[in-house]
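Visitor: In order, the protein sequence lines correspond to chains G and F.
Residues in the first sequence are numbered from 740 upward in steps of one, following this note's numbering.
Residues in the second sequence are numbered from 7 upward in steps of one, following this note's numbering.
Below is the structure I would like to discuss, written out as structure tokens.
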Amino acid sequence: MLERFLREGRLSALLWDGCQQQAHGGCPELQDALLNRIVCLPEHVSNKLQGENPPVFFPQNYFPLLGAAVLEVLQMISDSLRGGLDCSISFVSHVLGKVCIHGRQKEILGVLVPRLTELTKSDCIWQRICWRLVECVPERWMEAVVLGFVQRAPGSDVLSRLLGNLVVKNKKAQFVVTQKVLLLQYGHTTAVLQNLLGYLSLDSLRRALLLRVLQELLETWGSSSAVKHSPPEQQLYISKAILICLSHLKEPEIESCRQELLTSMMEGVKCHLDSSLPQLRRLGMVVAESISSKINTEGPVLKFEYEEDDETRELRSLLVQTPPLCVVPSLPGDDRSEKAGAALPLVPESNKKSQTAAPVMPDEESDAELDSDDDLVPYDMSEDKELKIKAPVYIRDCIEVLTGSEDVDKWEATVKALESLIRRNPAATREVSVELAKILLHLEEKTCIEGFVELRQRAQVAVLTTDPIPVSKYLTSQFYSLNYSLRQRMDILDVLVLAAQELSCPKFHGKPKHSDAQKPRIQLLPENDSSKDWRRIVDERIKSKTRRFATRQCHVEPASSPNQFSSVAGHFFFPLLQHFDRPLTTFDLLGEDHLVLGRLVHTLAVLMYLAVNTVAVTAMGKALLEFVWTLRFHTDSYVRQGLLSCISSLLLSVPAELLLADMTEELLETQSWLGDMVEKDPDGDCRRLALQNLLLMENLKKKLEAVPS
Amino acid sequence: MALPPPDPQFVLRGTSAAIHTLHFSCGGQEPDPPVLFSGSENGLIHVWNLKTHRVDTALDGHGRKSVYCVETMGGKDRLLSQGRDQRICLWDLAEGRTSVTDSVCTEHVGFCRCSLVQLAQGRWLMATAAKGLQEVQVLELPSKTSVCTLKPEVGAKLGMPMCLKLWQLSCGSQPLLLAGYEDGSVVLWNVTMGKALSQLICHQEPVMSLDFDSERTKGISGSSEKVLCIWSLNEQQNLQVYKTHELVNAGISDITIRPDKKILATAGWDHRIRIFGWKKLKPLAVLDYHTATVHCVSFSEHRNPRERLLAAGSKDQRISLWSLYTQS
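So, in structure tokens, the structure goes:
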């Protein structure tokens, strides 16, 4: 019977009835009951009928039906309004609100929104009806309805027609739109953001809100604690919102809040650049560039150097992608300045070309005149350039050149030749190894050599591998001494890692292999790659383990040679652990130099991993575990990632028996910490790493259990 | 746009040592193939057949010490070679023989190449650096009788002789010697009188090589600097700087003027061979083929000008053969 009731479209009649009743002051209990019945009909029916529910009552069918009924009722209301009759819409609003809060926004609004979009296009009565419809939704259901509309409206103008000035009138809606969606949630798509902010910008009353929203967004964006503690996804979301806001602002509005924009930009840039995640740094740069280009239309514009990627391109496209009417005054100016910027470097270049081309011409002419009697035609000699200066052949010569020489070409050639020279003359290197390491550590780029940093690093690695003990002693001691730049300290760490890797890798003798070039990149962009690197290591490890049981015959042993790292692992490792908690005047690992701390932690993780099968590994593991424990609540996610990598390399390197025998308690504590992290850490990578660590522990446990039985 | 520089016509490899000297012998009659002698660091003299581009014979006469000068005396059967074993050997290569017929011990420890000039049929004059530090000895060959020893005035600090060029204004006239010294000066000696006629300081560094055109009485010298210096000899037998030419890279190890006096070639420490027009020293080509210092350049004396070749020997153990400006 209910089915027939539905089929015959009685639902709309019922709703209409509800409206009428309310208009005439009907009994509220009855209303509530009716409301409940209508919205929960599918549940009631399916509960009653158990498995034999007719398809009409499936929620995905029922709610569109209900939506159609609502539309019909709205039609009736509009008719009656046109007829001059007053009429209440609140029952329908209640229905709508209740449906939405029950999570059926998609079904019901999927029917309502397109139709309403259509109807409100030209008809102001329908617009009024629509506004009333949303306004009359009770407070507690408002959020769901507004969100539903925001998500489903095809554009900000439609949204504006559908919602009217709801946000100005209704506190709850205002809260939802300006706070919740923007600042508390970050799962919405860019289109939703554009809808929402576009909607705010389309009316003068709402524009005030837009400005406020922008200020709040900037506040969040510029707060260092938010940068530190919120996940990068949210920060991306906020950045997008800021850029969209900016795109909607008009000249005078920007004028009015220029000072505030500037201050918050400065704040934000500072804490973003301070971050150890490159993504965040880049985000800060893009947003700051955009703000500065908005607030200084004529003056100099902030310009950062960063690598373009899809994300930055998307972000910047947000800034220009605005409704044409409000962009017209600002965009061309922007464009022009950008073009001028792009054209500027071109001009001198062409100038230069013509300048270099110019002297060649008369030269040739005069030559031709002088030698007009000479019938010999010269060949092209443009390739005849100065030859590169020969590099010194002895290491001591190199030292001399690097320390004292004024001859730039010679210096350049020396830097380029140094690595191969060191590798070819290990004995000669050993005589001066520490001195050489010192020079290299302090070596600054005198001229612009391509790949200078890598050249220097390779030379450093070569020195360290040739004479590991004294050089590692020197480098590790320098890491904690005064008067070094962060760059130098991080160089030390990189060099230690690369050298350890080289020493522990049996294939490395003779020619330096090509993966060498790959490794530095891991170190230079460790934030991106360390987790991958780590995972790769784990994957390899797991693979090798499984292979041992399953396919023994295809496991080819690589040519074995003594692990050169084993005897020196301790020299690399322990000195790095010694002084991390003793701040110097110029270097405070636990304070603001957390970037270096992050690198240090990652370095320790790699050293730990490379020390597998060495004698010192247990002692190293123990020390490392203590170190991790003291730092476990560090605020920087990069440091935490490093700590987690430490744990995993520890679990992989230290033999399981020793692990359990010597550090059971610590391990248990670590395990509970990991459990906590998996649930609560704001950083996605950290959570994943923690989970992987837990799995590793679990595997270890299983393996140990399997052995005695 | 000028043509790109040509590639070598042929490259001779296989000496397995750096090449220090080259000498063509291509003037023979038809059945005789043109040959190129090369002296290398391992003490061997290779005789290259330029038809087949293979080594005909390898001569070993300097005790595995570097050979740095090879000259023919008349035909290609009579050979003179100078090595770091402080000896100058005279070879008889006729009918496939490979024997040293005579040798001169110079006791000179430097790298100065000796210079030959033919006085009459079968009579040769040879200048070579001698045992005394600044001395040049002039001998007659094949008799090995000493003609004179040229010593600079007491107190003149010329240093060791670095390069020598014996020449005659015309056949039968007095032989003269041009010698480049360590201090960068070029000195003209009258060999018969044994006295210096003129001295010209044309370089700051040792003169590495020089060549002289007796028709125009003009010569050119190169040193370890970036400059080529052209000087002329006037009627009063005085040397004067005529012109200098700035090079891109420093260091010239050898200079040779082509027998037809049209072009000259320099062997550079920058691995490049440079070709200049001899008249005005107009730069003509830069041949960039070798991968190490070029030690020597030599022109062939083919009867047919079109066949004339330039050979360059380098530290990279290769000899490159070039065919350049043979049309005119």
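Ideal Cβ positions, reconstructed from N, Cα and C, are used throughout, including at glycine.
#1: So the candidates are F/Phe117, F/Arg324, F/Val153; which of them puts its Cα closest to the Cα of F/Leu131?
#2: Could you tell me whether the Cβ of G/Asp1119 comes closer than 7 Å to any Cβ of chain F?
#3: I'd like the ranges of any alpha helix (DSSP H) spanning at least 4 consecutive residues and lying wholly in the region 1364-1408 of chain G.
#4: In terms of DSSP beta bridges, what is F/Val192 paired with?
#5: Below 8 Å, how does it come out for the region 1207-1225 of chain G and the region 1187-1194 of chain G: are there three or more Cβ pairs, yes or no?
#6: In its own chain, which residues sit with a C-beta less than 6 Å from the C-beta of G/Gln913, not counting the 5 before and 5 after it?
#7: Chain G partners of F/Pro11, CB-CB under 7 Å?
#8: Along the beta strand (DSSP E) that carries F/Phe43, what are the first and last residues, could you check?
#9: Check for me: the alpha helix (DSSP H) holding G/Cys1425 runs from which residue to which?
#10: For G/Glu955, which residues in the same chain have their Cβ closer than 8 Å to its Cβ, ignoring the five residues on either side in sequence?
#11: Hey, would you say G/Lys1008 sits closer than 7 Å to G/Gly1023, going by beta carbons?
#12: Taking G/Lys967 and G/Asp1375 to be in contact with their CB atoms under 8 Å, please state how far apart those CB atoms are, rounded to whole angstroms.
#13: Express the C-alpha separation of G/Lys908 and G/Val1067 in angstroms, rounding to a whole number.
#14: Kindly indicate which three-state DSSP category G/Asn934 falls into: helix, strand or coil?
#15: What alpha helix (DSSP H) runs, 4 residues minimum, are completely inside the region 960-1033 of chain G?
#16: Step through the CB atoms of chain A and report whether any lies within less than 7 Å of the CB of F/Ala273.
#17: Identify each residue in the region 8-39 of chain F for which the Cβ-Cβ distance to at least one residue of chain G is less than 8 Å, and report them in chain order.
#18: Give a yes or no on whether the minimum CB-CB distance between F/Leu290 and chain G is below 7 Å.
#19: In chain G, what lies closer than 8 Å to F/Tyr331 by C-beta?
#20: Rounding to the nearest angstrom, what Cα-Cα distance links G/Glu1158 and G/Ser1172 in this structure?
#21: Under a Cβ-count criterion, where at least 16 other Cβ atoms within 10 Å of its own Cβ denotes burial, should G/Tyr1133 be classed as buried or exposed?
#22: Count the other CB atoms, across all protein chains shown, that sit within 10 Å of the CB of F/Val115; report buried if there are 16 or more and exposed otherwise.
#23: At 8 Å on the CB atoms, spell out the chain F contacts of G/Lys1124, in chain order.
#24: Return yes when the C-beta of F/Ser220 is under 6 Å from any heavy atom of the ligand MG, and no when it is not.
#25: Given 8 Å as the limit, is there contact between the region 1320-1330 of chain G and the region 1354-1368 of chain G, that is, 3 or more CB pairs closer than that?
#26: Using 8 Å as the cut-off, can you tell me whether the region 208-220 of chain F makes contact with the region 257-267 of chain F, which would need three or more C-beta pairs spanning the two stretches below that distance?
#27: Flag F/Gly102 as yes if its beta-carbon sits less than 7 Å from any beta-carbon of chain G, otherwise no.
#28: Return the chain-ordered list of same chain residues with a C-beta closer than 6 Å to the C-beta of F/Arg324, the five sequence neighbours on each side being excluded.
#29: Using a Cβ cut-off of 7 Å (strictly closer), state whether F/Gly257 contacts chain G.
#30: Applying the 10 Å Cβ sphere with the 16-neighbour rule, what's the burial state of G/Asn1432?
#31: Rounded to the nearest angstrom, how far is the Cβ of F/Pro12 from that of F/Leu239, given a contact under 8 Å?
#32: Please state whether DSSP places F/Gly228 in a helix, a strand or coil.
#33: Taking only three categories from DSSP, how would you classify G/Cys875?
#34: With DSSP as the reference, label F/Gln15 as helix, strand or coil.
#35: If you measure from the beta carbon of F/His228 to each beta carbon in chain G, is any gap under 7 Å?
#36: So what's G/Ser1069 in DSSP terms, helix, strand or just coil?
Guide: Walking through what the data contain:
#1: Checked all of F/Phe117, F/Arg324, F/Val153; the closest Cα to F/Leu131 is F/Val153.
#2: It does; some Cβ of chain F falls within 7 Å.
#3: Within the region 1364-1408 of chain G, the complete alpha helix (DSSP H) runs of at least 4 residues are 1376-1392.
#4: Partner(s): F/Gly186, F/Leu206.
#5: No, because fewer than three Cβ pairs between the region 1207-1225 of chain G and the region 1187-1194 of chain G fall closer than 8 Å, the two stretches do not touch.
#6: Result list for G/Gln913: Val906, in chain order.
#7: Here the neighbours are Tyr1118, Asp1119.
#8: Counting along the chain, the unbroken beta strand (DSSP E) around F/Phe43 starts and ends at 41-46.
#9: Run containing G/Cys1425: 1423-1445, per the alpha helix (DSSP H) assignment.
#10: Exclusion of the five residues before and after G/Glu955 leaves Thr917, Gln918, Leu921, Leu922 as the residues of its chain whose Cβ lies within less than 8 Å of its Cβ.
#11: Reading off the sequence shown, one finds Val at residue 1008 of chain G, where the question assumed Lys. In this structure, G/Gly1023 lies closer than 7 Å to G/Val1008 by Cβ.
#12: About 7 Å; that satisfies the 8 Å criterion.
#13: Confidence at G/Val1067 is low in this model, with a pLDDT of 32, below 50, so its placement is unreliable and no value can be given for it.
#14: Three-state result, G/Asn934: helix.
#15: Counting whole runs of 4 or more residues, the region 960-1033 of chain G contains the alpha helix (DSSP H) stretches 963-968, 971-987, 990-995, 997-1012.
#16: The displayed structure is made up of protein chains G and F, and chain A is not among them.
#17: Hits within the stretch, in order: Ala8, Leu9, Pro10, Pro11, Pro12.
#18: It does: the Cβ of F/Leu290 has a partner Cβ on chain G nearer than 7 Å.
#19: Per Cβ cutoff of 8 Å: Leu1115.
#20: If you draw a straight line from the Cα of G/Glu1158 to the Cα of G/Ser1172, it is about 13 Å long.
#21: An exposed status is given to G/Tyr1133, since fewer than 16 other beta-carbon atoms sit within 10 Å of its beta-carbon.
#22: Per the 10 Å Cβ criterion, exposed.
#23: What G/Lys1124 touches in chain F: Val254.
#24: In terms of ligand content, the structure shown is empty, and the ligand MG therefore cannot be addressed.
#25: Contact fails between the region 1320-1330 of chain G and the region 1354-1368 of chain G, because fewer than three Cβ pairs, one in each stretch, are under 8 Å apart.
#26: Output reads yes: the region 257-267 of chain F touches the region 208-220 of chain F.
#27: When Cβ-Cβ separations below 7 Å define contact, F/Gly102 makes no contact with chain G.
#28: Taken in chain order, the residues that qualify are Val17, Arg19.
#29: Output row for F/Gly257: interface = no.
#30: So G/Asn1432 ends up on the buried side.
#31: Wrong, their Cβ atoms sit about 34 Å apart, outside the cutoff.
#32: DSSP places F/Gly228 in strand when its eight states are reduced to three.
#33: Annotated three-state conformation of G/Cys875 is coil, per DSSP.
#34: Assignment of F/Gln15 by DSSP, reduced to helix, strand and coil, places it in the coil class.
#35: It should be pointed out that residue 228 of chain F corresponds to Gly in this sequence rather than to His. Residue-level contact check: F/Gly228 does not touch chain G, since none of the beta carbons of chain G fall below 7 Å from its beta carbon.
#36: At G/Ser1069 the pLDDT is 34, less than 50, meaning the model places this residue with poor confidence; the figure from the coordinates comes in the next sentence. Here G/Ser1069 carries a coil assignment [DSSP, helix/strand/coil].
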